[in-house]
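Start counting the sequence shown at 40; every next residue gets the next number (our numbering). Just so you know, even glycine gets a beta-carbon here, dropped at the ideal spot from N, CA and C.
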Amino acid sequence: MGAFARLIPALLLLLLLPSACGPGNGKRKTAPRVFPNAPVILISIDTLRSDHLPFYGYGGVETPALSALRADSILFENAWSHVPLTLPSHASLFTGLLPDKNGVHDNLGYTVNPRVPTLAELLRKAGYATGGAVTSRVMNGNSGIGRGFDLWDDDIFASRPFQAFGSVQRPGDDAEASMEAWIEGKKDRPFFAFLHLYEPHSPYEPIEPFKSRYSNPYDGEIATVDAITGRFLDFLKAKGIYDRALVILLSDHGEGLGDHGEDEHGVFLYREVLQVPLLVKLPRGEALVSPSVSVPVQLSDVFTTVGQAVGLQGFVAPAGTVSVIDVADGIALPDRRIYAETFFPRIHFGWSELRALLDDRWHYIEAPRPEFFDLKSDPGQKVNLVEGKPDAFRAMRIEMEKLRTSFAAPSAVDPEMAKKLASLGYISSGATAGDGPLDDPKDHIETVGLMKAALHEFNAGNPDITVAIAEKLLKENPRMLDIWELYAQALANLGRTDEAVSALKKTIELGPPGSTQYVRSTANHCLQMGKLEEGKRHAELAKQMGDPAGDEILARACLALGDLKGAEAAALASLPSETNKNRGYLTLARVEVQRGNFAKALEYSDKALPRSARSIPHAGLHLLRGDIFARTDRHKEAEAEFKEEIRFFPSTLNAWSSLIVVFAAQNRLPDARKTVEQMIAVNGTVDSYLYAIRTLAIAGDREGAEHWQREGLKRFPQEMRLRKIPRPA
40 MGAFARLIPA LLLLLLLPSA CGPGNGKRKT APRVFPNAPV ILISIDTLRS
90 DHLPFYGYGG VETPALSALR ADSILFENAW SHVPLTLPSH ASLFTGLLPD
140 KNGVHDNLGY TVNPRVPTLA ELLRKAGYAT GGAVTSRVMN GNSGIGRGFD
190 LWDDDIFASR PFQAFGSVQR PGDDAEASME AWIEGKKDRP FFAFLHLYEP
240 HSPYEPIEPF KSRYSNPYDG EIATVDAITG RFLDFLKAKG IYDRALVILL
290 SDHGEGLGDH GEDEHGVFLY REVLQVPLLV KLPRGEALVS PSVSVPVQLS
340 DVFTTVGQAV GLQGFVAPAG TVSVIDVADG IALPDRRIYA ETFFPRIHFG
390 WSELRALLDD RWHYIEAPRP EFFDLKSDPG QKVNLVEGKP DAFRAMRIEM
440 EKLRTSFAAP SAVDPEMAKK LASLGYISSG ATAGDGPLDD PKDHIETVGL
490 MKAALHEFNA GNPDITVAIA EKLLKENPRM LDIWELYAQA LANLGRTDEA
540 VSALKKTIEL GPPGSTQYVR STANHCLQMG KLEEGKRHAE LAKQMGDPAG
590 DEILARACLA LGDLKGAEAA ALASLPSETN KNRGYLTLAR VEVQRGNFAK
640 ALEYSDKALP RSARSIPHAG LHLLRGDIFA RTDRHKEAEA EFKEEIRFFP
690 STLNAWSSLI VVFAAQNRLP DARKTVEQMI AVNGTVDSYL YAIRTLAIAG
740 DREGAEHWQR EGLKRFPQEM RLRKIPRPA
């Protein structure tokens, strides 16, 4: 039985409570309330189902902090997201617009329309300080989601020693601490603080004591995020901010949890992924007309709510949005239905997109096989009423014809970003829809689970299992470009490089005509697997097709082939491109190292460094700089560079090995041994043990090498490579 079905009695009870906008609800305001210069606190808890909170009728988890906030707030019983995905949902939250107007349809490949004003921009123009701290790479400021913020803290890395920058999330504690520090200096001026917490998002990994306390890890994550939110609210109270602030707490979308066959979110538009919690606390303890409101509201309404509540001069509410405070006050509002959509099935799988309309009773889902539900009698959405063709269904279908938004395909995704997200289970982009009617996602929901399983097995180091799952997926849906690419990588890891190249070429064949994304990707993968000539040919093809990355990839191909002049020429040609400039300088530095010109190499590597401390260096840059310093006996500087490479890319075993050698060269044996322990703890692969054994042996630490040989054989007793220790050089 699904969670909504279990909660039918509680939900029916809520429906019987008086609505703040229904007759007989006491005093009504005749004009919108305004709180000039009030601090605005917006807390977004990612992937939080409203029906998993006590104040929405759930008994499976305790949330003392959120429940205390609810006691001070208006609770909106029927708040809805427009898109069950993080970035598009927040884009609607910050712009008050639907995806076709704000420009964001998916987590990757889209940016917020630069012509659209954001809430942070409007508040900053009105004199507000604006600060945001986020906990997911999906909320990267490069997407435009951070536009208008004085501070947009999206540094999802280095919260602890040797943490991978590629982590898709950071602990909510880090973002909460960031917001506390920022607010400390803003107490005497109006400010807008946005705190994004990712804990309820998969993978569900609650911390103690909540991990032990709750058998359902999703509920454990909710308890975890409640504790984090509680610390933030306690801070606001201690600083005298809470009482005078407009505090809004919400979620961007819910989570499937197996209801209707979807474990997570993005594919479907059922209640469990669209309905979200929404609490609004008014400043100065202003009296509430009603503590709860049953009238449906939407996340884009938050834009209008804040704009009106703080009295932004000349503020114009986007069409179709209202202030939820007005809703609570019973101010007459136009009739409307709430729109939702997901293009995730189309972008990632080549299936049909879905759209939905809903009101206080009915929920219509436009699909190849449409669905229509009565939310009052069937909150779990188990009975499709389409065949009866009720009047409300026909009315919503007609209205959808007018509201249906347009679709723009995603732009090419930055390969580094795609790799970081895919390494933690995020599907990147790329499936072609083919010709004719598109499949209904309901017919293929098990494919999503298989795809995530393939990603999991690949990241767990099981390429053979990955290949088996990928072959099954491609047999059922041969147009899944993501899976062709993953299949190729798994084949390469098995040494089946010819088959891998064939799989990569399939992505080019199936990709959008004229697109260079998969040509470029094929070139890069070929270089990684040692197919240098093949990589060079595809780099040249990308260049011929006008891709600015073609020169940079060609430079690396030439360098790998030993053609230093060709590498230098191609790298110099790549420098006019801002996107590829740093990679070009890195290749030029490597060319000069090959020539033995370390001073020139260091000069080029300086130019390859990111211009901003908040930007990501290219993999291998700090490793190369450390190598240059080590070769010129500048050990302290070499040590610092190797540590930087490890900080950003802790799986780079060459960086660990180089750091160990630097310590050994200075007779710092305890530091060398400690670094080996850290390398094994962070990686724990067969290769990490091999690196430990070989590096210590070459450094003359036979005792250390033998120790890690014994430890490695305990963990990998069948691994023959661990049985031999090399002699010192």
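Should residue i go down as buried or exposed, given a rule of 16 or more other Cβ atoms within 10 Å for buried?
i    : result
P449 : buried
F446 : exposed
P765 : exposed
E260 : buried
P242 : exposed
A70  : exposed
I437 : exposed
D672 : exposed
Q337 : buried
D333 : Contrary to the premise, residue 333 reads as Ser rather than Asp in this sequence. Counting Cβ neighbours within 10 Å, S333 comes out buried, since at least 16 surround it.
M759 : exposed
A203 : Because the pLDDT at A203 is just 36, under 50, the model does not fix this residue reliably, and the value given afterwards should be weighed accordingly. Counting Cβ neighbours within 10 Å, A203 comes out buried, since at least 16 surround it.
P322 : buried
V341 : buried
K276 : exposed
N141 : buried
P709 : exposed
T714 : buried
G324 : exposed
S654 : exposed
G574 : buried
Kindly give me the distance between the Cβ atoms of residue i and residue j, rounded to whole angstroms, as I take these residues to be in contact under 8 Å.
i    : j    : result
G170 : W221 : 4 Å
P357 : G135 : 4 Å
F383 : D145 : 6 Å
Y728 : G751 : 3 Å
L627 : A599 : Contact flag wrong, Cβ pair sits at about 15 Å.
L513 : T546 : In fact, because the Cβ distance is near 11 Å, the residues do not count as touching under 8 Å.
L308 : G293 : Not a contact, Cβ separation roughly 11 Å.
L818 : A406 : Outside the shown range of the chain, which is 40 to 768, sits residue 818, and nothing can be said about it.
A647 : G665 : Contact flag wrong, Cβ pair sits at about 14 Å.
A10  : I699 : Here the chain has residues from 40 to 768 only, and residue 10 is not among them.
P123 : H304 : 4 Å
Please list, in chain order, all residues of the same chain as residue i whose beta carbon is under 7 Å from its beta carbon, the five residues on each side excluded.
i    : result
R559 : A581, D586, A588 and I592
F188 : A159, T169, G170 and G171
K66  : Confidence at K66 is low in this model, with a pLDDT of 46, below 50, so its placement is unreliable and no value can be given for it.
L52  : For L52, the predicted model reports a pLDDT of 34, less than 50, meaning its position is unreliable; a value from the coordinates is still stated below. Correct list: empty, nothing qualifies.
P200 : Annotation note: pLDDT 38 at P200 (below 50); position unreliable, no value reported.
Could you pull out every residue in the same chain whose Cβ sits closer than 8 Å to the Cβ of residue i, ignoring the five residues on either side in sequence?
i    : result
T691 : A658, G659, L662, E684 and I685
F755 : V725, Y728 and L761
N706 : none
A262 : V100, E101, T102, P245, F249, R252 and Y253
If you check the beta carbons only, do residue i and residue j fall under 8 Å apart?
i    : j    : result
A531 : M584 : no
V630 : E607 : yes
S112 : V319 : yes
L234 : A77  : no
V361 : V79  : no
T505 : E515 : no
S339 : S83  : no
A379 : H121 : yes
S331 : L114 : yes
D85  : T150 : no
P248 : L289 : no
H564 : L533 : no
L549 : R595 : no
R518 : Q420 : no
Using a Cβ-Cβ cutoff of less than 6 Å, which residues in the same chain neighbour residue i once the five nearest sequence positions on both sides are dropped?
i    : result
A165 : L351
N179 : D193
S696 : Y730 and T734
L614 : K620 and G623
Are any of the Cβ atoms in chain B nearer than 8 Å to that of residue i?
i    : result
R163 : The structure shown has no chain B; it contains just one protein chain.
Practice task
Specify whether the segment 178-194 and the segment 145-157 touch according to this definition: at least 3 beta carbon pairs, one from each stretch, less than 8 Å apart.
Solution key: Note that the segment 178-194 touches the segment 145-157; at least 3 beta-carbon pairs, one per stretch, sit closer than 8 Å.
Exercise for the section: Check whether the segment 413-421 touches the segment 393-402, taking contact to mean three or more Cβ pairs, one atom from each stretch, closer than 8 Å. Expected result: Three or more beta-carbon pairs separated by less than 8 Å link the segment 413-421 to the segment 393-402, which places the two stretches in contact.
Practice task
Would you check if there are 3 or more beta carbon pairs closer than 8 Å linking the segment 269-289 to the segment 93-108?
Solution key: Touching, per the Cβ criterion.
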